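Novice: These protein sequence lines are chains X and V, in that order.
Residues 0 to 662 in numbering that gives the first Met the number 0 are what the first sequence lists, from first letter to last.
Residues 0 to 662 in numbering that gives the first Met the number 0 are what the second sequence lists, from first letter to last.
There are 2 protein chains.
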Amino acid sequence: MNKQPETAIIRRITPSLDNARYAIKRAIGGEIVVEADIFKEGHDEVTAVLKWRPAGAAAWRETPMKPLTNDRWTGSLRVTAPGAWEFTIEAWGDVFFSWQHELEKKFAAGLRDLQSEILEGAGFVEAAAARAGKPDAAALKKFAAGLRKAAAEEAHATAHDPVLCALMTVYADRSLATSAEPHPVWVDRERATFAAWYEFFPRSAEGKPDSGSKFRDCLGRIDDAKAMGFDVIYFPPIHPIGTTNRKGRNNSLRCEPGEPGVPYAIGNNKQGVNGGGHKDVAPELGTLEDFDWLVGEVRARGLEIALDFAINCSPDHPYVKAHPEWFFKRPDGTIKYAENPPKKYEDVYPLNFHNDDWRGLWDELRDVILFWCGHGVRIFRVDNPHTKPVSFWEWVIAEVTAKFPDTVFLSEAFTRPKMMQELAKAGFNQSYTYFTWRNSKAELAEYLTELTQSDLKEFFRANFFTNTPDILPEFLQKGGRPAFLIRAVLATMACPVYGIYSGFELCENSPIPGREEYADSEKYQFKGRDWNAPGNIKEFLTRLNTIRRQNRALQEYSNLRIQTAENDNLLCFSKATASLDNLILVIVTVDPWQPQTAFVHVPLAEFGIGENDAYVAEDLLTGERFTWRGNRNFVALNPHTRPAHVFRIRRWLDREDGQDIFA
Amino acid sequence: MNKQPETAIIRRITPSLDNARYAIKRAIGGEIVVEADIFKEGHDEVTAVLKWRPAGAAAWRETPMKPLTNDRWTGSLRVTAPGAWEFTIEAWGDVFFSWQHELEKKFAAGLRDLQSEILEGAGFVEAAAARAGKPDAAALKKFAAGLRKAAAEEAHATAHDPVLCALMTVYADRSLATSAEPHPVWVDRERATFAAWYEFFPRSAEGKPDSGSKFRDCLGRIDDAKAMGFDVIYFPPIHPIGTTNRKGRNNSLRCEPGEPGVPYAIGNNKQGVNGGGHKDVAPELGTLEDFDWLVGEVRARGLEIALDFAINCSPDHPYVKAHPEWFFKRPDGTIKYAENPPKKYEDVYPLNFHNDDWRGLWDELRDVILFWCGHGVRIFRVDNPHTKPVSFWEWVIAEVTAKFPDTVFLSEAFTRPKMMQELAKAGFNQSYTYFTWRNSKAELAEYLTELTQSDLKEFFRANFFTNTPDILPEFLQKGGRPAFLIRAVLATMACPVYGIYSGFELCENSPIPGREEYADSEKYQFKGRDWNAPGNIKEFLTRLNTIRRQNRALQEYSNLRIQTAENDNLLCFSKATASLDNLILVIVTVDPWQPQTAFVHVPLAEFGIGENDAYVAEDLLTGERFTWRGNRNFVALNPHTRPAHVFRIRRWLDREDGQDIFA
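#1: In whole angstroms, what is the alpha-carbon distance linking Arg298 (chain V) and Lys207 (chain V)?
#2: Near Arg253 (chain X), which residues of its chain fall below 7 Å by C-beta distance, leaving aside the five closest residues on each side in sequence?
#3: Determine whether the Cβ of Ile8 (chain X) lies closer than 8 Å to any Cβ atom of chain V.
#4: Just to make sure I have the definition right: I need the residues of chain V whose C-beta is within less than 9 Å of the C-beta of His316 (chain X). Which are they?
#5: Step through the CB atoms of chain V and report whether any lies within less than 8 Å of the CB of Lys105 (chain X).
#6: Using the Cα positions of Asn630 (chain V) and Arg560 (chain V), report the straight-line distance between them to the nearest angstrom.
#7: On the DSSP bridge assignment, give the partners of Tyr446 (chain V) in chain order.
#8: Is there at least one Cβ from chain V nearer than 8 Å to Met419 (chain X)'s Cβ?
#9: Taking one C-beta from the segment 94 to 113 of chain X and one from the segment 329 to 348 of chain V each time, how about it: are there three or more such pairs within less than 8 Å?
#10: In terms of alpha-carbon separation, which member of V:Pro314, V:Ala305, V:Pro349 and V:Phe308 lies closest to Phe326 (chain V)?
#11: Find the residues of chain X that neighbour Val389 (chain V), judging by a C-beta separation of less than 7 Å, and give them in chain order.
#12: Please return the same chain residues whose Cβ sits closer than 7 Å to the Cβ of Asp618 (chain V), not counting the five positions on each side in sequence.
#13: The beta strand (DSSP E) with Arg52 (chain X) in it runs from where to where?
#14: Can you find a C-beta in chain X that's less than 8 Å from the C-beta of Asn351 (chain V)?
#15: Taking the alpha carbon of Glu303 (chain V) as the reference point, which residue from V:Ser15, V:Glu398 and V:Ala194 has its own alpha carbon closest?
#16: For the beta strand (DSSP E) that contains Asn632 (chain X), what are its first and last residues?
#17: Distance, Cα to Cα, Trp51 (chain V) vs Glu30 (chain V)?
#18: If the cut is a Cβ gap below 8 Å, which residues of chain V does Arg173 (chain X) touch?
#19: Determine the direct distance from the alpha carbon of Arg548 (chain X) to that of Leu652 (chain X), and round the result to whole angstroms.
#20: Pull up the CB-CB distance for Gly241 (chain X) and Gly260 (chain X), whole angstroms please, since I reckon it's below 8 Å.
#21: Check this for me: beta carbons of Ala635 (chain V) and Thr596 (chain V), under 8 Å apart or not?
#22: Return the CA-CA distance between Thr465 (chain V) and Pro201 (chain V), expressed in angstroms with no decimal places.
#23: Under 8 Å between beta-carbons, which chain V residues line up against Asn69 (chain X)? List them in chain order, please.
#24: Quick one: using the 10 Å Cβ neighbour count with 16 as the cut-off for buried, is His316 (chain X) buried or exposed?
#25: Just to confirm my understanding: we take Val169 (chain X), look at its own chain, exclude 5 residues before and 5 after, and list those with CB closer than 8 Å. What are they?
#26: As a quick exercise: from X:Thr177, X:Ala150 and X:Gly527, pick the residue whose alpha carbon is nearest that of Thr6 (chain X).
#27: Is the CB-CB distance between Pro510 (chain V) and Leu570 (chain V) below 8 Å?
#28: What whole-angstrom Cβ distance do Leu306 (chain V) and Phe214 (chain V) have, given they're in contact under 8 Å?
#29: Determine the contact status of Val599 (chain V) and Ile586 (chain V), defining contact as a CB-CB distance below 8 Å.
#30: Could you tell me if Gly285 (chain X) is buried or exposed, where buried requires 16 or more neighbouring beta carbons within 10 angstroms of its beta carbon?
#31: Quick one: is Lys278 (chain X) buried, meaning 16 or more other Cβ sit within 10 Å of its Cβ, or exposed?
#32: How about the segment 371 to 381 of chain V and the segment 401 to 413 of chain V: do they share at least three Cβ pairs that are nearer than 8 Å?
#33: Give the residues of chain C in contact with Ala108 (chain V), contact being defined as C-beta atoms less than 8 Å apart.
#34: Per DSSP, Gly498 (chain V) forms a beta bridge with which residues?
#35: Name the two residues that bound the continuous alpha helix (DSSP H) containing Asp223 (chain V).
#36: What is the rounded straight-line gap between the Cα of Phe434 (chain V) and the Cα of Pro181 (chain V)?
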């Protein structure tokens with residue numbers, strides 16, 4: 000122990016994930032309110048600063064922290080650009096301000112024989128001058144010289160001179176300062192924190208019942224999605240599909256000739272120009288050049304393509320021959336297929352992440368992601384990450400973002416809560432959630448509060464999918480078109496990032512009886528569709544997406560607050576910006592069958608509205624404007640015609656020419 | 000990254016202080032119930048074990064952990080000897096039990112073509128045999144050979160064979176196990192967790208009004224303390240006392256000739272055989288040999304001496320000349336005395352723990368403690384530790400206990416809560432508390448609960464002092480003898496470690512008017528006393544100490560539970576052993592003036608007593624026995640004659656010959 004050990008104590012820093020092992024997340028411009036226990040022995044004046052910087056930057060920015068009560072301190076910073084950041088706290092006993100404080104006490108007690116004290120203070124100021132740059136050093140030297148000549152009254156005044164105090168703050172003696180360990184922060188780029196995802200199978204782009212579309216046929220579907228307001232186009236796997244044990248319609252073990260196979264059975268070493276594996280595209284969709292062209296077309300429209308990263312290998316995957324050691328083996332030396340006993344998945348070979356050449360496997364999987372980054376893809380929806388080691392994800396996400404910092408990863412881990420959370424901590428920017436199975440008002444209120452108000456908000460960012468190729472929720476099956484309207488309102492209004500799997504806009508809801516799966520799922524077959532079929536809700540979705548874009552409160556994550564609606568079938572929540580310039584109040588029915596009415600409570604105090612002030616509630620879905628006063632107001636919803644109010648609340652600003660002006 | 004990164008995830012371990020930076024504390028035989036989030040990717044069966052050992056021991060002991068809900072696991076251990084221990088958690092995906100689980104599912108589904116599976120299992124068993132010692136290896140090989148020949152039914156039975164399962168548990172494949180970081184534990188020796196301290200100034204041993212006693216005169220006082228049941232004799236500083244600016248009676252700046260000075264003004268370079276500083280004794284008390292003799296006498300009586308470690312230097316301390324660089328200096332080069340503006344303490348020079356030769360100072364202070372350890376002292380009450388760096392205490396306690404592991408440190412930090420707690424984390428075995436200023440029932444109930452039921456119980460162990468040379472609480476000043484009885488009951492019954500400063504047993508309570516300080520304090524003067532003065536409460540203290548020794552529940556710390564008494568002036572609390580073989584219920588008045596009555600609620604369920612069972616409440620203060628039934632019972636207390644009931648609750652055991660037998 001030859002270095003001075005810590006002098007100030009800094010403990011219990013929040014926010015902190017597993018003691019700074021993992022990064023908290025923020026959107027660009029996001030605030031981090033940091034708190035910590037900070038104290039020191041003795042009676043010195045403690046100074047503490049909050050410091051932050053882009054990770055690896057040479058210089059820290061810093062801001063003073065302020066004491067709350069009981070040795071708890073707070074400070075706040077804002078992150079201004081995407082990528083890796085870090086913050087820390089530095090604290091020290093400040094000799095100058097301790098001196099000032101003691102001088103003040105002596106002066107107040109009437110002592111005037113303070114020559115020794117004054118010279119001591121001059122010494123502190125001179126030491127600061129030695130640390131300062133040129134003009135400040137001169138100013139400090141002048142203060143010190145003044146002190147050396149000063150009588151008690153003058154010295155007392157100088158000690159409190161605001162210029163001197165400011166300079167002594169800047170050039171404080173930090174030689175014995177204690178620094179906390181750096182706390183990592185990940186700042187997501189804008190589309191990682193505010194986006195509307197539209198998932199479709201490229202082979203289904205044109206809705207042909209007997210044959211597949213190609214990349215070059217996808218623009219119609221993409222333009223339609225763009226017109227509805229979506230901005231991320233997400234494709235299930237686009238790679239060659241295995242033929243060995245290929246599945247047929249409705250997951251049949253028998254595949255008829257001409258059936259297209261499941262895109263998740265990845266790899267066909269007889270196809271493709273690039274080995275036929277994860278770095279290749281299925282020839283039936285086109286070529287890599289076609290894909291590159293499509294990426295460019297999508298980008299030109301201001302949209303972005305998300306690919307599926309599914310670590311599944313069909314028996315025909317090139318890895319099987321090139322790297323048999325990457326797979327699990329039976330005692331007879333053959334490769335094991337996937338099982339969930341007694342079910343067998345003979346078309347999928349799982350990979351052994353801990354095989355002797357694990358490093359080779361991990362590197363290759365990283366290279367797959369980097370390959371698609373090289374083709375302009377920056378969003379990856381990751382299939383079943385919870386069946387691979389968390390440490391792999393932590394490593395691979397760090398490797399990829401080191402080269403392509405704007406890469407976004409969505410975790411498709413439908414599993415137990417702690418694993419879902421750990422994956423988010425390990426680096427996934429977004430996560431699928433239990434939203435799909437939260438239908439009652441009580442369930443929704445509890446879950447939305449947990450997501451946006453608990454510690455989860457620091458690192459677990461929801462992407463609310465209404466449906467997926469694997470999940471046709473019972474609520475949509477039974478509730479019909481009104482249920483689709485309801486779930487659309489919930490997904491779009493409650494969560495800045497959400498998605499639909501195509502067909503949702505058409506209210507497709509034919510299940511395999513008794514299951515939450517689609518009948519005749521396009522995972523296994525070509526699927527005929529009229530993308531403008533009667534009864535579709537495309538206009539409603541368009542309206543919702545427009546509202547999201549026009550109202551900043553809906554683009555923030557943790558500003559959701561459940562509000563009171565006096566009816567167990569009406570969910571009411573608010574979203575407001577910190578400056579209160581955008582106030583949204585959503586009231587949505589969760590009953591897809593009956594009309595419902597209720598008094599709802601407008602959170603006047605949270606919205607900065609006086610108890611007796613008039614305000615306007617403008618329904619952004621219909622354009623209607625109501626002038627209200629007081630917090631309790633009556634609403635009537637009908638799931639068929641008006642499943643929700645999305646009110647923008649406009650505060651009274653002024654009265655001009657006998658007219659009230661509202662924000 | 001060439002080593003396999005963590006495979007299992009182990010997070011949120013409890014108990015854990017600042018992420019295992021500091022040791023939790025336990026008494027000998029104490030239990031540590033450890034919990035953690037433990038999980039793993041995929042569907043493997045997870046196994047987790049709790050491991051512990053004396054710090055630095057070669058081998059770990061271990062016990063299986065069990066899952067609770069939601070990936071939370073628990074396990075429990077007991078520490079069996081004093082000193083430094085550590086625990087950790089190891090977890091892994093268990094190939095054999097995962098195999099067993101999958102085989103079971105296939106078997107249950109009616110599958111019998113399981114040859115490949117059975118051979119795989121045999122392989123796992125053979126691998127375990129290779130890890131096992133001789134007899135177990137043979138047994139495992141036999142199981143493996145049996146499996147290799149087995150049909151499905153037989154293999155299924157073998158997979159569940161309890162002997163095989165036990166062996167496969169012992170010889171599990173842990174090559175991919177994850178270990179959590181070690182968590183330190185400090186186990187206190189018995190007298191650190193159960194003791195009654197008696198503080199007296201050796202110079203006051205005989206109670207002479209005009210002259211001081213010597214070490215060789217102390218046995219009378221010590222025998223009296225022993226007779227009352229005390230077992231730690233604590234002396235304020237015994238070192239040479241400075242003469243420069245020596246304080247007189249009642250803290251007077253003028254010291255008359257012959258006045259003895261304040262023992263906390265340590266150091267007189269004109270006295271002593273050993274420099275006259277912290278490694279010396281005041282000649283007026285005797286010699287180092289006299290002190291050694293006294294240590295031996297005290298030890299022979301089964302008691303122990305505690306010394307005061309007060310880092311105070313008088314202007315006459317040898318350090319001032321030998322190490323002027325250790326002190327703070329004025330601009331004119333003279334050494335600064337202590338101040339609390341506008342108060343000046345010209346008889347004390349504070350040390351600068353961060354001076355350029357800080358390492359030399361720290362080493363010297365450590366050597367002071369080691370010096371007294373070398374003279375048989377193992378308990379140090381540390382004066383004002385919160386005015387020295389916490390890092391110094393963490394370092395010096397580790398240095399001392401490395402050589403003398405049975406050394407006990409008591410922190411006298413009357414300051415803000417977080418500093419008090421940090422000192423306890425840094426290594427202090429015991430701490431002074433706010434007990435002295437908690438007088439009402441509500442205050443006491445809240446504070447006792449915080450100390451014994453919150454996280455504090457893991458590291459902050461209270462030593463309840465009723466009074467100190469510096470503190471004569473207002474409650475004792477105003478409440479007179481009944482107040483002394485009340486505070487004695489509270490200190491002895493609520494806290495396994497407590498202390499009194501001598502004079503308490505005589506109900507001394509003359510204050511400096513308007514202050515919580517003793518008039519004519521013996522800190523500054525000789526003090527005449529009759530140690531058997533009328534009105535003393537020595538018999539009462541003796542009874543309380545006897546009760547403590549005879550009832551194990553009172554020797555435990557965190558078993559205190561506040562119970563209901565239907566009167567705001569009666570505090571009721573229970574202490575019970577885990578095995579319920581010692582059940583104590585204390586009811587004490589906090590009103591030193593008026594009699595109080597109430598119904599109190601006996602915690603029948605906590606005590607394992609049926610709602611309709613008869614039980615005996617034996618008052619250990621008086622010997623009275625009451626037979627009660629039901630939880631609500633009437634008590635009447637009188638602060639003058641019966642300030643408390645200390646009931647030992649005796650459960651009904653049996654009925655024999657028409658007589659009820661109680662525990």
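Don't be surprised by glycine CBs; every beta carbon is placed ideally from N, CA and C.
What you are looking at is a predicted structure, and each value in this text was computed from that prediction instead of being measured.
Specialist: Per the coordinate set shown:
#1: So the two alpha carbons sit approximately 26 Å from each other.
#2: Gly247
#3: With its beta carbon less than 8 Å from one in chain V, Ile8 (chain X) belongs to the interface.
#4: Per Cβ cutoff of 9 Å: no residues; His316 (chain X) is ~20 Å from chain V at best.
#5: yes
#6: 16 Å
#7: Beta-bridge pairing links Tyr446 (chain V) to no other residue.
#8: no
#9: yes
#10: Looking from the CA of Phe326 (chain V), the closest CA among V:Pro314, V:Ala305, V:Pro349 and V:Phe308 belongs to V:Pro349.
#11: Ile8 and Glu40
#12: His644, Val645 and Phe646
#13: Glu44 to Pro53
#14: no
#15: V:Ala194
#16: Arg631 to Leu636
#17: Looking at the two C-alpha atoms, the distance is approximately 12 Å.
#18: Under the 8 Å cutoff, chain V gives no residues; its nearest Cβ is about 13 Å from Arg173 (chain X).
#19: One C-alpha to the other measures close to 24 Å.
#20: Yes, Gly241 (chain X) and Gly260 (chain X) are in contact; Cβ-Cβ is about 7 Å, under 8 Å.
#21: Note that the C-beta distance between Ala635 (chain V) and Thr596 (chain V) is below 8 Å.
#22: Straight through space, the alpha carbons of Pro201 (chain V) and Thr465 (chain V) are spaced by roughly 20 Å.
#23: For Asn69 (chain X), the chain V residues whose Cβ falls inside 8 Å of its Cβ are Arg415, Pro416 and Lys417, in order along the chain.
#24: Looking at its Cβ environment, which holds 16 or more other Cβ atoms inside 10 Å, His316 (chain X) is buried.
#25: Ala131 and Asp135
#26: Comparing Cα-Cα distances from Thr6 (chain X) to each of X:Thr177, X:Ala150 and X:Gly527, the minimum goes to X:Thr177.
#27: no
#28: With 8 Å as the limit, Leu306 (chain V) and Phe214 (chain V) do not qualify as a contact, their Cβ atoms being about 12 Å apart.
#29: Yes; because the gap between Cβ atoms is below 8 Å, this pair is in contact.
#30: buried
#31: Residue environment analysis places Lys278 (chain X) among the buried positions, since at least 16 neighbouring C-beta atoms fall within 10 angstroms of its C-beta.
#32: Short answer: they touch.
#33: The structure shown has no chain C; the protein chains it does contain are X and V.
#34: V:Trp196 and V:Phe464
#35: Leu218 to Met227
#36: 34 Å
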